[in-house]
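2 is the number of the first residue of the sequence shown in the working numbering; add one for each residue after it.
Glycine residues also receive a C-beta, built at the ideal position from the N, C-alpha and C atoms.
Owing to the predicted nature of the structure, the values given are computational and were not obtained by experimental measurement.
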Amino acid sequence: MASIRGYLNAICHQPDYLEIHTNTACRVASRILPFLHEDHGVCGIPGLRLIDLTCRRVRLTHLPTGARLDLVDAQRWPNMDTARMVFRQETGWHQKDGRSPLWQHNGLTDEEAAHHACWAYTASTPLRSALLMRSMPLWYRFDLSPAWATGHATRPDRLILDARSDTEHDQVVELLTRSAARIQGAVYREKTPCSGTLHLGSGSAQLISSD
Numbered sequence: 002m003a004s005i006r007g008y009l010n011a012i013c014h015q016p017d018y019l020e021i022h023t024n025t026a027c028r029v030a031s032r033i034l035p036f037l038h039e040d041h042g043v044c045g046i047p048g049l050r051l052i053d054l055t056c057r058r059v060r061l062t063h064l065p066t067g068a069r070l071d072l073v074d075a076q077r078w079p080n081m082d083t084a085r086m087v088f089r090q091e092t093g094w095h096q097k098d099g100r101s102p103l104w105q106h107n108g109l110t111d112e113e114a115a116h117h118a119c120w121a122y123t124a125s126t127p128l129r130s131a132l133l134m135r136s137m138p139l140w141y142r143f144d145l146s147p148a149w150a151t152g153h154a155t156r157p158d159r160l161i162l163d164a165r166s167d168t169e170h171d172q173v174v175e176l177l178t179r180s181a182a183r184i185q186g187a188v189y190r191e192k193t194p195c196s197g198t199l200h201l202g203s204g205s206a207q208l209i210s211s212d
């Protein structure tokens, strides 16, 4: 998400899908639709597919989970011919320089299936989803670059906040646990003035501010 954040205006949770409002829906789609690179392997979100294209929306689905994502453009294209032309222009590079568009396959490819751990449900999944819904204020209000580091047997998951501003660690804690936009049920346990653990249900992650 960090690579496309400059194009995003809002992230909205709808009853059956996630809606992202953006300056340029087709360009964002080109960054997240999966393709295979001969040197770098699978790029984009494995299993993501195009459902439909309208004059203002790019409708996507994630095959392994059935999740839905709509990219909503800031402007409405005058007609479908223009919308399709813009989409082709933005995704054309998926077929150049050793790339192959996996999103044009109807089913999940073997290359994508190898990344099943990316969408496997874990104890931290609800927490990660809640953080995604609050990514806009973290990026734009606080000028932070959040980075999620998956844990292992001897270290829990981490959310590392690279501060490029004067944002205090407690301001982030306030947003996530005490503000009107707080994560319902989330509990923060401080370890140091710049670190602690954020708990939601059975999931948790270390919250660390780095200068």
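Q.
Considering only their Cβ atoms, is the gap separating residue 10 from residue 75 smaller than 8 Å?
A. Indexing the sequence shown from 1 puts residue 75 at position 74. Indexing the sequence shown from 1 puts residue 10 at position 9. It is a contact, given that the beta carbons lie within the stated cut-off.
Q. Buried or exposed: where does residue 104 fall if 16 or more other Cβ atoms within 10 Å of its Cβ makes it buried?
A. Taking the sequence shown and counting its residues from 1, one reaches residue 104 at position 103. Looking at its Cβ environment, which holds 16 or more other Cβ atoms inside 10 Å, residue 104 is buried.
Q) Around the Cβ of residue 113, are there at least 16 other Cβ atoms within 10 angstroms (buried) or fewer (exposed)? A) On the sequence shown, residue 113 is found 112 positions in, with the first residue counted as 1. Burial check for residue 113: the Cβ neighbour count within 10 Å reaches 16 or more, so the residue is buried.
Q: State the Cα-Cα distance for the pair residue 30 and residue 72, rounded to the nearest angstrom.
A: On the sequence shown, residue 30 is found 29 positions in, with the first residue counted as 1. On the sequence shown, residue 72 is found 71 positions in, with the first residue counted as 1. Between residue 30 and residue 72, the C-alpha separation is close to 8 Å.
Q) Roughly how far, in whole angstroms, is the beta-carbon of residue 43 from the beta-carbon of residue 116, given that I think they are within contact range, below 8 Å? A) Numbered from its first residue, the sequence shown carries residue 43 at position 42. Numbered from its first residue, the sequence shown carries residue 116 at position 115. Their Cβ separation, rounded to whole angstroms, is 6 Å, which keeps residue 43 and residue 116 in contact under 8 Å.
Q | Residue range of the alpha helix (DSSP H) that includes residue 32 | A | Reading the sequence shown from its first residue, position 31 is the one you call residue 32. Start and end: 26-33.
(Q) Three or more C-beta pairs under 8 Å: does that hold for the segment 23-38 against the segment 87-98? (A) When C-beta atoms of the segment 23-38 are compared with those of the segment 87-98, three or more pairs fall below 8 Å, so the two segments count as touching.
Q: Just the C-alpha distance for residue 70 and residue 191, rounded to the nearest angstrom, thanks.
A: Reading the sequence shown from its first residue, position 69 is the one you call residue 70. Reading the sequence shown from its first residue, position 190 is the one you call residue 191. Here the alpha carbons of residue 191 and residue 70 stand approximately 35 Å from one another.
Q. Cα separation between residue 120 and residue 66?
A. What you label residue 120 is simply residue 119 of the sequence shown in a count that begins at 1. What you label residue 66 is simply residue 65 of the sequence shown in a count that begins at 1. Rounded to the nearest angstrom, the two C-alpha atoms are 7 Å apart.
(Q) Assuming residue 157 and residue 207 are in contact, meaning their beta carbons sit under 8 Å apart, how far apart are those beta carbons, in whole angstroms? (A) As a first step, residue 157 must be located in the sequence shown, where it is residue number 156. As a first step, residue 207 must be located in the sequence shown, where it is residue number 206. Your pair residue 157 and residue 207 checks out as a contact, with CB atoms roughly 6 Å apart and the cut at 8 Å.
Q.
To the nearest angstrom, how far is the alpha carbon of residue 95 from that of residue 106?
A. Taking the sequence shown and counting its residues from 1, the one referred to as residue 95 is at position 94. Taking the sequence shown and counting its residues from 1, the one referred to as residue 106 is at position 105. Cα-Cα distance, rounded: 13 Å.
Q: From the DSSP output, in three-state form, read off residue 65 for me.
A: Taking the sequence shown and counting its residues from 1, the one referred to as residue 65 is at position 64. In this structure, residue 65 counts as coil in the three-state DSSP scheme.
Q: Please say whether residue 49 and residue 37 have beta carbons closer to each other than 8 Å?
A: Working through the sequence shown from its first residue, we reach residue 37 at position 36. Working through the sequence shown from its first residue, we reach residue 49 at position 48. Going by beta carbons, residue 37 and residue 49 fall outside the 8 Å limit.
Q.
Between the alpha carbons of residue 99 and residue 176, how many angstroms are there, rounded?
A. Position 98 of the sequence shown, counted from the start, is the residue given in the question as residue 99. Position 175 of the sequence shown, counted from the start, is the residue given in the question as residue 176. Distance between the alpha carbons of residue 99 and residue 176: 44 Å.
Q: Using 10 angstroms around the beta-carbon of residue 45, count the other beta-carbons present and answer buried if the total reaches 16, otherwise exposed.
A: The residue given as residue 45 occupies position 44 in the sequence shown. Looking at its Cβ environment, which holds 16 or more other Cβ atoms inside 10 Å, residue 45 is buried.
Q: Go through the segment 107-166 residue by residue and report every complete run of the alpha helix (DSSP H) that reaches 4 residues or more, in order.
A: Qualifying alpha helix (DSSP H) stretches, in chain order: 111-114, 126-134.
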